Amino acid sequence: MSPLLFAIYMDVLIKRLRDAGFGCKIAQRFFGCLLYEDDIVLLAHSLNAIRQMLRICEEFAEDLDMKFNSSKSVAMRIGERYNLK
52 MSPLLFAIYM DVLIKRLRDA GFGCKIAQRF FGCLLYEDDI VLLAHSLNAI RQMLRICEEF
112 AEDLDMKFNS SKSVAMRIGE RYNLK
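The sequence shown maps to residues 52 to 136 in our numbering.
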């Protein structure tokens, strides 16, 4: 029953992220977050968008009295500007 309840909670988070308008889209479909077990990968076009998405995840966890450890998060830039600070 636990995995099912977790999936229901994560659907709410995915909807919040999609509705915020941040994240990647391919053929008008939202691909701004990938989930596997209790890990989340956030995908966006800018670091600012990633920060906003991370804030949404933190607020989501706070609203539902869940733990979300954003201090373990890592950002990785891909593309021509990958080595900029």
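Where a beta carbon is used, it is the ideal one built from N, C-alpha and C, also for glycine. It should be emphasised that the depicted structure is a prediction, and the values quoted were computed from it without experimental measurement.
| Query | Result |
| --- | --- |
| Residue 67 vs residue 119 beta-carbon contact at 8 Å | no |
| C-beta atoms of residue 94 and residue 75 nearer than 8 Å | yes |
| Residues sharing a beta bridge with residue 57, DSSP | The partner list for residue 57 (beta bridge, DSSP) is empty, contrary to what the question assumes. |
| As assigned by DSSP and simplified to three states, the class of residue 90 | strand |
| For residue 85: DSSP bridge partner residues | 92 |
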